[in-house]
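> In terms of the UniProt record's numbering, the sequence shown opens at residue 1 and continues consecutively.
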Amino acid sequence: MKYSVKNKAQQGFTLIELVVVIVILGILAVTAAPKFINLQDDARTATLQGVKAAIESSTALVYSKSLIAGNESDGTGTKAVPIDATNNAIATVFGYPIAEPFDTTTPAPITAGSIANALDIDIAANAANPTTEFVYVEFAADNAVGIYLATTVPGTPALNDDCSVTYTTSTGVGVKPVIAVNECS
Numbered sequence: 001m002k003y004s005v006k007n008k009a010q011q012g013f014t015l016i017e018l019v020v021v022i023v024i025l026g027i028l029a030v031t032a033a034p035k036f037i038n039l040q041d042d043a044r045t046a047t048l049q050g051v052k053a054a055i056e057s058s059t060a061l062v063y064s065k066s067l068i069a070g071n072e073s074d075g076t077g078t079k080a081v082p083i084d085a086t087n088n089a090i091a092t093v094f095g096y097p098i099a100e101p102f103d104t105t106t107p108a109p110i111t112a113g114s115i116a117n118a119l120d121i122d123i124a125a126n127a128a129n130p131t132t133e134f135v136y137v138e139f140a141a142d143n144a145v146g147i148y149l150a151t152t153v154p155g156t157p158a159l160n161d162d163c164s165v166t167y168t169t170s171t172g173v174g175v176k177p178v179i180a181v182n183e184c185s
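1. Should G95 be labelled buried (16 or more other beta-carbon atoms within 10 Å of its own) or exposed?
2. Using the Cβ count rule (16 or more neighbours within 10 Å means buried), how would you classify N71?
3. Please classify G26: does DSSP put it in a helix, a strand, or coil?
4. So what does T168 bridge to, in DSSP terms?
5. Which of the three DSSP states, helix, strand or coil, is assigned to P130?
6. Please list, in chain order, all residues of the same chain as residue 198 whose beta carbon is under 6 Å from its beta carbon, the five residues on each side excluded.
7. How many angstroms separate the CA atom of D162 from the CA atom of K65?
8. By DSSP, does P107 sit in helix, in strand, or in coil?
9. Taking Cβ positions, are S73 and V178 nearer each other than 7 Å?
10. What does the alpha-carbon distance come out to for the pair P154 and N38?
11. So, at 6 Å on beta carbons, what are the nonlocal neighbours of F102 in its own chain, with the 5 sequence-adjacent residues on each side left out?
12. Sort V137, T14, V175, A141 by Cα distance to L149 and report the nearest one.
13. Between which two residues does the alpha helix (DSSP H) holding I90 run?
Structure, rendered in structure tokens:
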């Protein structure tokens, strides 16, 4: 009886080759993953997109009430429309909510709120010590306001900061206010 010994070809990887491949994949994962997985900023931006949608809905409703009242051509900020059964009112410019600090006195004789009052969210006007989820900051020179997540308010807020929603008051008859989301990064 003869035994034949066949020369077997190598099957599979050696242990060293396997370890090298795993190390290379680990290095790639550590360097590339943060660029593709930025879940916190994406979640914050999505929240701000929701705030933008709420602002758009609120401005549409206030504008509808302004049309009914005939206030859509007034740019003085002295006209207001009631927004609830207790006669809380929103001051308007060209029929859209005004961008002013909430709960302030607008040009006489009307005491009314602004876009912040039209939103049904907890919001604070104190950027230094926020007690709510959102912070409202006025940019009077730009006729605008910024709404920030309380956890992302910069020390000195500026118009169009990252991680904010900016609302700029209407500038004319038939001109919608500008509502922009500044993404978190």
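Note that beta-carbon positions come from the ideal geometry of N, C-alpha and C, so glycine has one too.
What you are looking at is a predicted structure, and each value in this text was computed from that prediction instead of being measured.
This is what the structure gives:
1. Buried, since its Cβ has 16 or more Cβ neighbours within 10 Å.
2. Taking all protein chains shown into account, N71 has 16 or more neighbouring C-beta atoms within 10 Å of its C-beta and is therefore buried.
3. The answer is helix: DSSP assigns G26 an H, G or I state.
4. DSSP lists A144, V178 as the bridge partner or partners of T168.
5. It is coil, neither helix nor strand.
6. Outside the displayed range of the chain (1 to 185) lies residue 198, so it cannot be described from this structure.
7. Between the C-alpha atoms of D162 and K65 there is a straight-line separation of about 33 Å.
8. In this prediction, P107 scores a pLDDT of 39, lower than 50, which makes its location untrustworthy; no coordinate-derived value is stated.
9. The answer is no: Cβ separation not under 7 Å.
10. When rounded, the distance between both Cα atoms is 20 Å.
11. Confidence at F102 is low in this model, with a pLDDT of 46, below 50, so its placement is unreliable and no value can be given for it.
12. Nearest to L149 by alpha-carbon distance, out of V137, T14, V175, A141, is V137.
13. According to the DSSP assignment, I90 belongs to no alpha helix (DSSP H) but to the beta strand (DSSP E) extending over 89-93.
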